[in-house]
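Participant: Numbering (the numbering used here), first residue to last: 429 to 559.
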Amino acid sequence: MSHGRRPRVWIIGSSIIVRLRSYLSAHRLDENLGLDCDIIWDGEGGRRWEHLLPLLHEKRAATDSDPDIMIIHLGGNSIGRPGTNRVDLMCWMKSNIKEAHMLFPNTKIMFSDILPHQDWGHQTSASGYGT
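1) Near residue 560, what residues of its chain come up, given a Cβ to Cβ distance below 8 angstroms and the 5 sequence neighbours on each side ignored?
2) Please state if the CB of residue 536 and the CB of residue 496 are separated by a distance shorter than 9 angstroms.
3) If you reduce the DSSP assignment to three classes, tell me which class residue 475 lands in.
4) Under the DSSP definition of a beta bridge, which residues are partnered with residue 501?
5) In this structure, does DSSP put residue 436 in helix, strand or coil?
6) In the segment 514-543, which residue ranges form an unbroken beta strand (DSSP E) of at least 3 residues, counting only runs that do not cross its ends?
7) Alpha carbon to alpha carbon, how far is residue 459 from residue 440? Give it in angstroms, no decimals.
8) Buried or exposed for residue 518, please, with buried defined as at least 16 other CB atoms from any protein chain shown within 10 angstroms of its CB.
9) How long is the line joining the alpha carbons of residue 442 and residue 448, rounded to whole angstroms?
10) CA-CA distance, residue 480 and residue 451?
11) What first and last residue would you give for the alpha helix (DSSP H) that runs through residue 459?
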């Protein structure tokens with residue numbers, strides 16, 4: 429995996445990632461989560477699933493080395509958007525993760541569950557799970 433150096437972990441996501449990193453910093457907690465690795469935090473409020481591949485292409489162009497692990501926490505801001513149903517979103521996500529593997533072939537890619545919301549913003553059904 430890391431061949432004598434500390435593993436590199438990218439955590440990519442939306443405002444949840446921004447808030448987690450801010451919380452760690454505000455409470456003077458270890459931004460590497462107490463793990464023997466180097467975590468690169470890349471969160472942006474409002475980031476949606478469709479922002480993932482352009483971001484990864486940008487990162488690919490900026491570095492010659494792959495992270496050892498990439499954790500993706502995206503999708504919640506994409507659920508219920510006009511023109512997007514859950515089946516299409518899931519197919520799109522699977523396809524994008526395959527492309528991410530092609531961009532970063534030496535990286536283990538992990539996907540964090542989409543957190544349930546009381547209000548998905550664009551939904552018309554009563555349940556966030558019924559999108």
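All residues carry an ideal CB built from backbone N, CA and C; glycine is no exception.
The structure displayed is predicted, hence computed values, not measured ones.
Facilitator: Taking the geometry as given:
1) Any question about residue 560 goes unanswered here, given that the chain covers just 429 to 559.
2) For residue 496 and residue 536, yes; Cβs fall inside 9 angstroms.
3) DSSP places residue 475 in the coil class of the three-state scheme, outside both helix and strand.
4) Answer by DSSP bridge pairing, in chain order: 441.
5) Reduced to three states, the DSSP call for residue 436 is strand.
6) Taking only runs of at least 3 residues, the beta strand (DSSP E) segments lying wholly in the segment 514-543 are 536-539.
7) The alpha-carbon separation between residue 440 and residue 459 amounts to approximately 14 angstroms.
8) If you draw a 10 Å sphere on the C-beta of residue 518, you find fewer than 16 other C-beta atoms in it, and that means exposed.
9) Taking the straight line joining both Cα atoms gives about 10 angstroms.
10) Rounded to whole angstroms, residue 480 to residue 451 spans 24 angstroms at the Cα level.
11) The continuous stretches of alpha helix (DSSP H) do not include residue 459, and DSSP gives it neither H nor E.
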